[in-house]
Each structure stands twice: as structure tokens, then as C-alpha cells.
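J.:
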Amino acid sequence: MAWRWASASVIGTSHIQNGDRLQDAYFVSELGNGCIFAVVSDGAGSAKFGAFGAWLTCRFLSVRFREWMQENPELPSDEGLVDWVDELRDRISTIATRRGTVPRQFAATLAAIIVAPDEAVTLHIGDSSVVGRKGGEWDVLCWPENGEYASSTYFVTDDPEPRLNITRHQREHDAFALFSDGVGDLALSHLEQAAHPRFFDPMLRPVDAAPREGRLVELSAKLATYLAGPSVCERTDDDKTLILISGG
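Take the sequence shown: its letters are residues 973 to 1220, numbered as in the working numbering.
Shown next as C-alpha cells:
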């Protein structure tokens, strides 16, 4: 299977004004056997080490999936995925103790997908999202979840356990997009709880048509320019991360 993707992550204008750093992180990798893995994590703005928590979440899961696929022909079970998230939480707790703080200071969301020839599996905590294209239509595979209040959400570090949703999808989609909540208002209709085809169709068109495989560097640069541009920043001042995947 030939996978191609464009990806970008840009800092929000509110973070620039406050002198903060980019809180989002992401990772995309082909794993062999026709599989691809992608993950987006958004560090909580209220968490001192939220950016590090987001980076660690992406790094940890990317390593676990790569190690697994090198030794196993099938995708990990739901129980195995839960164990990985527990292991990630333990890792964060250990780092927090060393720094004299608490895991909540590393709070980050999670939206991840691994796509195999016959199945796709999503892992989801919080308000980042995953969508897939099937027959030219866009399905929301992971809808953003808010917490008790409209401006709150769920995190990997939540106590006593995270609100982790694992879903297995029959392999019917030929394109996917993952994005942090900074892109959500542009890409999703909250009234209809649906993805905006007018957003995703033109976004995926150049990715679909690209002659190369792997990460499309020029398209990724153009995507970053778009996400940092005034037409987007006038609608959201948050960090914005978007991964566009085509192929398979």
C-alpha cells in the first residue's frame, strides 16, 4: 500500500501573545505490512508541562506500535492498548515525581489511528478528532469530547483513570485526517456532529494527486502557511495541528 500525507502544527496567536510555546504534538509513520500510524496530542494550556506531556504521548505510542508491528502480523488487542496507556501514565507519574510535581501538570489529549490492510483502530481521549473518507463521504471516527464544562476536556493523566475510547473500524476508508481542537471549529459541524466536506475535500485533493509516497514536504509547508494565516487565525487563536493521509 502506498501512503502519502501532509502534516503541520502551528502555534496559536494567543500563545504567542502570552509568550507560551506550542502545546500540540504529532507523529506519523509507516510501519510496514501496509500499516500507517498517526497521533495528535494537545497539551493542556493550564498544565505547566503540557507540551512535554503531548510530546511524550506521541513518542511513547509511536514506539510501542512500531515495536509491536515488527514482531506481530496482527494489530494489538484492546486490552493491550489499555495496558500501553497505563504504562504511559506510569511513565508520566515517574517523571512528575522526579520533578517534584504531579501528573496533572503533564495533561494532554490523545487522538491516534493505526490503519492496516483489513482494519483501522482509533484511540481517543479528549477533544482532538479523527475523520475518515469512505466512498467520497467523510465519517467522524472520533468526535471531540468536552468535560463537565464547555471549555474543559479529558486528558491522558486524568485520575483515577482516563476516558479512553478504543474503536475498531472495518477497512473501508481511503483517507484520514487527525487534528487538534484548534482545527475543530473549522473542520466540524457541531450542530450536525459531522465533518465539513467543503473543508476536507479541497485539503485532500493535492494529497490524493501527489506522485510521491511518504510525507509530502512541500504540501506540508503550504499547510503550515495556511494554518498560520489570517483566514484561520481570525477564527481561532489556539494551536492548530492537522494530519492529512491518503492512500492504501
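Glycine residues also receive a C-beta, built at the ideal position from the N, C-alpha and C atoms. Predicted model only: the values in this text are computed from it and were never measured.
1) Would you kindly report the start and end of the unbroken alpha helix (DSSP H) that includes Lys1194?
2) Quick one: measure Cβ to Cβ for Trp977 and Arg1187, integer angstroms, because I've assumed they're closer than 8 Å.
3) In the DSSP assignment, what residue or residues form a beta bridge with Ile1138?
4) According to DSSP, which residues form a beta bridge with Ile1215?
5) Contact criterion: CB-CB distance below 7 Å. Does Glu1206 meet it with respect to chain B?
6) Alpha carbon to alpha carbon, how far is Ala1182 from Gln1077? Give it in angstroms, no decimals.
7) How many Å lie between Val1057 and Asp1131 at the Cα?
8) For Ser1152, tell me which candidate among Arg1170, Trp975 and Phe999 has the shortest Cα-Cα distance.
9) Terminal residues of the continuous beta strand (DSSP E) containing Phe1032?
10) For Pro1075, count neighbouring C-beta atoms within 10 Å of its own C-beta (all shown protein chains included) and say buried if the count is 16 or more, exposed if not.
11) Taking the beta carbon of Glu1002 as the centre, do at least 16 other beta carbons fall within 10 Å, making it buried, or is it exposed?
12) By DSSP's criteria, Gly1004 is part of a beta bridge. Which residues make up the other side?
13) Per DSSP, what are the beta-bridge partners of Ile1086 in this structure?
14) Under the assumption that Ala1080 contacts Val1012 (Cβ atoms under 8 Å), give the Cβ distance between them as a whole number of angstroms.
15) Excluding five sequence neighbours on each side, which residues of the same chain lie with their C-beta closer than 8 Å to the C-beta of Asp1111?
16) For the pair the region 1057–1070 and the region 985–995, tell me if three or more CB-CB distances fall below 8 Å.
17) Closest by CA to Arg1038, which one among Arg1063, Phe1009 and Ser1065?
18) Within the same chain, show all residues whose beta-carbon is closer than 6 Å to that of Pro1048, passing over the 5 residues directly before and after it, in chain order.
19) Mind checking which residues open and close the alpha helix (DSSP H) that includes Val1057?
20) Taking the C-alpha atoms as reference points, what is the distance between Ala1159 and Leu1136?
21) Considering only their Cβ atoms, is the gap separating Asp1209 from Asp986 smaller than 7 Å?
22) What separation, rounded to the nearest whole angstrom, lies between the Cα atoms of Leu1199 and Ser981?
T.: Working from what's here:
1) For this step, residue 1194 is matched to residue 222 along the sequence shown. Segment Val1189 to Leu1199, the alpha helix (DSSP H) holding Lys1194.
2) Position 5 of the sequence shown holds residue 977. Position 215 of the sequence shown holds residue 1187. Right, their Cβ atoms sit about 6 Å apart.
3) As a working mapping, residue 1138 is identified with position 166 in the sequence shown. DSSP, once it has assigned bridges, lists Leu1095 as partnering Ile1138.
4) As a first step, residue 1215 is located in the sequence shown; it is residue number 243 there, counting from the start. Ile1215 pairs with Ser979 and Leu1150.
5) Protein chains in the displayed structure number just one, and chain B is not present.
6) As a first step, residue 1077 must be located in the sequence shown, where it is residue number 105. As a first step, residue 1182 must be located in the sequence shown, where it is residue number 210. Roughly 41 Å separates the two Cα atoms.
7) The count along the sequence shown starts at 1 and reaches residue 1057 at position 85. The count along the sequence shown starts at 1 and reaches residue 1131 at position 159. When rounded, the distance between both Cα atoms is 13 Å.
8) For the purposes of this step, residue 1152 is taken as the residue at position 180 of the sequence shown. Of Arg1170, Trp975 and Phe999, the smallest CA-CA separation from Ser1152 is found for Phe999.
9) What you label residue 1032 is simply residue 60 of the sequence shown in a count that begins at 1. It is not in any beta strand (DSSP E) - Phe1032 instead sits in the alpha helix (DSSP H) that spans Gly1022 to Glu1043.
10) Here residue 1075 corresponds to residue number 103 of the sequence shown, with the count starting at 1. By the neighbour-count rule (16 or more Cβ atoms within 10 Å), Pro1075 is buried.
11) If you number the sequence shown from 1, residue 1002 lands on position 30. Counting Cβ neighbours within 10 Å, Glu1002 comes out buried, since at least 16 surround it.
12) Looking up residue 1004 in the sequence shown gives position 32. Gly1004 pairs with Cys1007.
13) Here residue 1086 is taken as the residue at index 114 of the sequence shown, counted from 1. Its beta-bridge partners are Phe1009 and Val1093.
14) By 1-based counting over the sequence shown, the position of residue 1080 is 108. By 1-based counting over the sequence shown, the position of residue 1012 is 40. Distance from Ala1080 to Val1012 at the Cβ level is roughly 10 Å; contact not present, criterion being Cβ atoms closer than 8 Å.
15) Sequence index remark: in the sequence shown, residue 1111 carries index 139 (1-based). Within the same chain, Val1103, Gly1104, Arg1105, His1145 and Ala1167 come within 8 Å of Asp1111 by CB-CB distance, once the 5 residues on both sides are set aside.
16) Result no; under three Cβ-Cβ pairs closer than 8 Å.
17) The residue you call residue 1038 lines up with position 66 of the sequence shown. The closest CA to that of Arg1038, considering only Arg1063, Phe1009 and Ser1065, is found on Phe1009.
18) Here the question's residue 1048 lines up with position 76 in the sequence shown. Cβ-Cβ distances below 6 Å link Pro1048 to Trp1040 in the same chain, with the five nearest sequence neighbours on each side left out; the list follows chain order.
19) Translated into the one-based positions of the sequence shown, residue 1057 becomes position 85. Val1057 -> alpha helix (DSSP H) spans Asp1050 to Arg1070.
20) For the purposes of this step, residue 1159 is taken as residue 187 along the sequence shown, with counting starting at 1. For the purposes of this step, residue 1136 is taken as residue 164 along the sequence shown, with counting starting at 1. The alpha-carbon atoms of Ala1159 and Leu1136 are separated by roughly 23 Å.
21) Translated into positions along the sequence shown, residue 986 becomes position 14. Translated into positions along the sequence shown, residue 1209 becomes position 237. As written in the sequence, residue 986 is Ser, which differs from the Asp given in the question. Cβ atoms of Ser986 and Asp1209: closer than 7 Å.
22) Residue 1199 sits at position 227 when you count from the first residue of the sequence shown. Residue 981 sits at position 9 when you count from the first residue of the sequence shown. In a straight line, the C-alpha of Leu1199 is about 8 Å away from that of Ser981.
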